[in-house]
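Structure, as structure tokens:
2 protein chains.
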Amino acid sequence: MKKKKIAVLASGRGSNLQVIMDAIDAGYIETGEIRVVISDNRDAFALERARRNGIEHLWIDPSVYDTRREYDHAVAGELEKRQTDLVVLAGFMRILSPDFVRRFYGRIINIHPSLIPSFCGEGYYGGRVHRAVLDYGVRVSGATVHFVDEGTDTGPIILQQVVEVKQDDTVESLAERVLEVEHRLLPEAVKLFCQDRLRIEGRKVYISGDGAR
Amino acid sequence: MKKKKIAVLASGRGSNLQVIMDAIDAGYIETGEIRVVISDNRDAFALERARRNGIEHLWIDPSVYDTRREYDHAVAGELEKRQTDLVVLAGFMRILSPDFVRRFYGRIINIHPSLIPSFCGEGYYGGRVHRAVLDYGVRVSGATVHFVDEGTDTGPIILQQVVEVKQDDTVESLAERVLEVEHRLLPEAVKLFCQDRLRIEGRKVYISGDGAR
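Sequence lines, in order, name chains A and B. Note that this note's numbering numbers the first sequence so that position 1 is 260, with each residue one more than the last. Note that this note's numbering numbers the second sequence so that position 27 is 286, with each residue one more than the last.
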């Protein structure tokens, strides 16, 4: 099987990028390779991680572009030049324009640190998600990997896994356990995509050969 | 420990009532007894179950009362006459008035067939919950036992348990697996209440001696 070309978009330290690089190095993802890492933030450690692994990395400066749409157009151009099969949002702190999403629909995946549709949407990111989970008093939370559509955290769900919320959890302790799950789910979703095992039908994602997971 | 007096409100076949009766008979709930079963539906099989188990049962006819508030007032009167400690909603198909909820706040529990706050609130009951779960395409659902407040399915959460959603699930197959979980969670919540192990603080429910669960 021909290897899928993966682009990773990241704004921060890039721990999810690292997890994907590790999964490829370990042979867990056999049919994918990271072609490029793109960041909107010059100081993103994700860029440094790419450099250390000999992966092409681009800082595309948002201040050069007048609108989000123009910025996204520039990013899309770089992705298409490299014949990108899969775009992974790994802590990319910019909301993608509808044009961008339509252009790559079914090829962009994101991970969210809750059980969508709970505690997601506008304003729910990072520690705010876990704060809301704790304030609500739910007993379970988790992580969700999904295809990106034009809404915020509303796209078809690929994988979800549950994390128990403990009575004495803090934002930090809960975030830590959810992050462990994120680091398991994201490589799994990338692997499934790279094996051509994901099929979107309306809002649903069917996984073929699911027994083999 | 003095036994808690439990009232069960049910409109239908009363499978959750049966589960509580069984848990008491089996000695799983040692510090509670069902004092009365009340239904708004003369033909509710829940009333027949109560009769067979020698439990007092009342059909209180809603058509006799002009408003929901007056009906609830009548029900509340019967509950207080019997010094009810805990009101369990077991498939009770009427929304309780704010007056009723305030009068018994912290002493009314309900079970909902999803992971609140997903797939709950107005219009989400019975098979509609599972239909919405399947249409959304989530990978996990479950059941939630909570204290009842003035909102719909918004009260403090006592217990939640997860059920995996399978790719080939139908409303019926999912409902069946969630029901199994409901039948485990509800007696557990009743047991914890009857052992005085639940404490509400704002939106959160703390379970004392949680290690012993």
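Virtual Cβ for every residue (Gly too), placed ideally from N, Cα, C.
Exercise. Cα-Cα, which of A:Ile367, A:Ile368, A:His389 is closest to A:Ser377?
Worked result: As a first step, residue 377 of chain A must be located in the first sequence, where it is residue number 118. The shortest Cα separation from A:Ser377 among A:Ile367, A:Ile368, A:His389 belongs to A:His389.
Exercise. Do the CB positions of B:Thr290 and B:Cys453 come within less than 8 Å of each other?
Worked result: Walking along the second sequence from the start, residue 290 of chain B turns up at place 31. Walking along the second sequence from the start, residue 453 of chain B turns up at place 194. Going by C-beta atoms, B:Thr290 is nearer than 8 Å to B:Cys453.
Problem set entry | Buried versus exposed call for B:Ala285 [16 or more other C-beta atoms within 10 Å across all chains shown] | Mapped onto the second sequence, residue 285 of chain B falls at position 26. Per the 10 Å Cβ criterion, exposed.
For this session: Note down, in chain order, each residue of its chain lying with its Cβ closer than 6 Å to the Cβ of A:Val421, except the 5 sequence neighbours on either side.
Result: For the purposes of this step, residue 421 of chain A is taken as the residue at position 162 of the first sequence. Closer than 6 Å at Cβ, skipping near neighbours: Val399, Gly401.
Exercise. Where do the N-terminal and C-terminal ends of the alpha helix (DSSP H) with B:Ala269 fall, by residue?
Worked result: Start at 1 with the first residue of the second sequence, and residue 269 of chain B comes out as number 10. Taken as a continuous stretch (DSSP letters only), B:Ala269 belongs to no alpha helix (DSSP H), as it is neither H nor E.
Exercise. If you compare alpha carbons, which of A:Ile416, A:Tyr364, A:Arg353 is closest to A:Leu345?
Worked result: The residue given as residue 345 of chain A occupies position 86 in the first sequence. Here the closest residue by C-alpha is A:Tyr364.
Exercise. When the distance is taken between beta carbons, is A:Arg327 closer than 8 Å to A:Ser298?
Worked result: Counted from its first residue, the first sequence places residue 298 of chain A at position 39. Counted from its first residue, the first sequence places residue 327 of chain A at position 68. Cβ distance not < 8 Å, so A:Ser298 and A:Arg327 don't count as in contact.
For this session: Closer than 8 Å by C-beta to B:Arg310: which residues in its own chain qualify, once you throw out the five before and the five after it? Chain order, please.
Result: Within the second sequence, residue 310 of chain B is the residue found at index 51, counting from 1. For B:Arg310, where only same-chain residues beyond five positions count, the Cβ hits under 8 Å are His316.
Exercise. Are the region 381-396 of chain A and the region 441-457 of chain A touching by the rule of at least three beta carbon pairs closer than 8 Å?
Worked result: no
For this session: Determine the burial state of A:Ala471: buried for a count of at least 16 other Cβ atoms within 10 Å of its Cβ, exposed for fewer.
Result: Locating residue 471 of chain A in the first sequence gives position 212, counting from the first residue. For A:Ala471, the predicted model reports a pLDDT of 46, less than 50, meaning its position is unreliable; a value from the coordinates is still stated below. A:Ala471 is exposed by the Cβ-count criterion.
Exercise. When you check each C-beta in the region 373-390 of chain A against every C-beta of chain B, which residues fall closer than 9 Å?
Worked result: Leu374, Ile375, Pro376, Ser377, Phe378
Exercise. Taking buried to mean at least 16 other C-beta atoms within 10 Å of its own C-beta, is A:Asp331 buried or exposed?
Worked result: For the purposes of this step, residue 331 of chain A is identified with residue 72 of the first sequence, where counting begins at 1. It counts as buried.
Problem set entry | Reduced DSSP secondary structure (H/G/I, E/B, other) of B:Gln342 | Here residue 342 of chain B refers to the residue found at position 83 when the second sequence is read from its first residue. In this structure, B:Gln342 counts as coil in the three-state DSSP scheme.
Exercise. Is A:Ser356 helix, strand or coil when you go by DSSP?
Worked result: As a working note, residue 356 of chain A is residue 97 in the first sequence. Note: A:Ser356 maps to coil in three-state DSSP.
Exercise. How many angstroms separate the CA atom of A:Thr403 from the CA atom of A:Lys463?
Worked result: Sequence index remark: in the first sequence, residue 403 of chain A carries index 144 (1-based). Sequence index remark: in the first sequence, residue 463 of chain A carries index 204 (1-based). So the alpha carbons of these two residues sit roughly 14 Å apart.
For this session: Could you round the C-beta distance between A:Ile265 and A:Val347 to whole angstroms and report it? I think they count as a contact, below 8 Å.
Result: Locating residue 265 of chain A in the first sequence gives position 6, counting from the first residue. Locating residue 347 of chain A in the first sequence gives position 88, counting from the first residue. Going by Cβ atoms, the distance from A:Ile265 to A:Val347 rounds to 6 Å, so yes, they are a contact pair.
Exercise. Going by the beta-carbon positions, is the gap between B:Gly336 and B:Ala305 smaller than 8 Å?
Worked result: Working through the second sequence from its first residue, we reach residue 336 of chain B at position 77. Working through the second sequence from its first residue, we reach residue 305 of chain B at position 46. No, the Cβ-Cβ distance between B:Gly336 and B:Ala305 is not below 8 Å.
Exercise. Is there at least one non-hydrogen atom of the ligand NAP closer than 7 Å to the beta-carbon of B:Asp412?
Worked result: As for the ligand NAP, it is missing from this structure, which has no ligand bound.
Exercise. Is B:Ile375 buried or exposed, if buried means 16 or more other CB atoms sit within 10 Å of its CB?
Worked result: Locating residue 375 of chain B in the second sequence gives position 116, counting from the first residue. With 16 or more other Cβ atoms within 10 Å, it is buried.
Problem set entry | Bridge-paired residues (DSSP) for A:Glu315 | As a working note, residue 315 of chain A is residue 56 in the first sequence. Note: A:Glu315 sits in a beta bridge opposite A:Val295.
Problem set entry | Contacts around B:Pro321, its chain only, beta-carbon distance under 7 Å, and the 5 residues preceding and following it disregarded | Against the second sequence, residue 321 of chain B aligns to sequence position 62. Within the same chain, B:Pro321 has close Cβ partners Asp299, Tyr330.
Exercise. How would you label B:Val440, buried or exposed, when you count the other beta carbons within 10 angstroms and need 16 or more for buried?
Worked result: As a position in the second sequence, residue 440 of chain B is number 181, starting the count at 1. Burial call: buried.
Problem set entry | Enclosing beta strand (DSSP E) for B:Leu418 [first to last residue] | Position 159 of the second sequence, counted from the first residue, corresponds to residue 418 of chain B. Residues 416-423.
For this session: Give a yes or no on whether 8 Å exceeds the smallest Cβ distance from B:Arg398 to chain A.
Result: Here residue 398 of chain B refers to the residue found at position 139 when the second sequence is read from its first residue. Judged by the 8 Å Cβ criterion, B:Arg398 is in contact with chain A.
Problem set entry | Enclosing beta strand (DSSP E) for A:Tyr465 [first to last residue] | In the first sequence, residue 465 of chain A corresponds to position 206, counting from 1. Per DSSP, A:Tyr465 belongs to the beta strand (DSSP E) from 463-466.
For this session: Please work out which residues of its chain come closer than 8 Å, Cβ to Cβ, to B:Ala303, disregarding the five sequence neighbours upstream and downstream, and give them in chain order.
Result: Along the second sequence, read from residue 1 onward, the residue named residue 303 of chain B stands at position 44. Answer for B:Ala303: Ala269, Ser270, Gly271, Arg272, Gly273, Trp318, listed in chain order.
For this session: Would you mind working out which of B:Arg443, B:Arg294, B:Met280 sits nearest B:His371, comparing C-alpha positions?
Result: In the second sequence, residue 371 of chain B corresponds to position 112, counting from 1. When each option's Cα is compared against that of B:His371, the closest is B:Arg443.
For this session: Measuring only between beta-carbons, confirm whether A:Val421 sits less than 8 Å from chain B.
Result: By 1-based counting over the first sequence, the position of residue 421 of chain A is 162. Yes, contact with chain B.
Exercise. Who are the Cβ neighbours of B:Arg353 in its own chain at under 6 Å, not counting the five residues just before and after it?
Worked result: Numbered from its first residue, the second sequence carries residue 353 of chain B at position 94. Answer for B:Arg353: Asp299, listed in chain order.
Exercise. Applying a beta-carbon distance threshold of less than 8 Å, which residues of chain B neighbour A:Pro415?
Worked result: Residue numbering aside, residue 415 of chain A sits at position 156 when the first sequence is read from its first letter. Simply Gly396.
Problem set entry | N- and C-terminal bounds of the beta strand (DSSP E) containing B:Ser400 | Position 141 of the second sequence, counting from 1, holds the residue named residue 400 of chain B. Here the beta strand (DSSP E) through B:Ser400 covers 399-406.
Exercise. Do A:Ala349 and A:Asn275 have their CB atoms nearer than 8 Å?
Worked result: Here the question's residue 349 of chain A lines up with position 90 in the first sequence. Here the question's residue 275 of chain A lines up with position 16 in the first sequence. Yes, they are a contact pair.
For this session: Check the Cβ-Cβ distances between B:Lys261 and every residue of chain A, and say whether any is below 8 Å.
Result: Here residue 261 of chain B is taken as the residue at index 2 of the second sequence, counted from 1. No, its Cβ sits nowhere closer than 8 Å to a Cβ of chain A.
For this session: Along the alpha helix (DSSP H) that carries A:Arg458, what are the first and last residues, could you check?
Result: The sequence position of residue 458 of chain A within the first sequence is 199, counting from 1. Taken as a continuous stretch (DSSP letters only), A:Arg458 belongs to no alpha helix (DSSP H), being part of the beta strand (DSSP E) at 457-460.
Exercise. Of the choices B:Ile459, B:Leu393, B:Ile288, B:Glu460, whose alpha-carbon is the least far from that of B:Ser432?
Worked result: Position 173 of the second sequence, counting from 1, holds the residue named residue 432 of chain B. Ranking the options by Cα distance to B:Ser432, first place goes to B:Leu393.
Exercise. B:Ile283 lies in the alpha helix (DSSP H); which residues open and close that run?
Worked result: Position 24 of the second sequence holds residue 283 of chain B. Run containing B:Ile283: 274-284, per the alpha helix (DSSP H) assignment.
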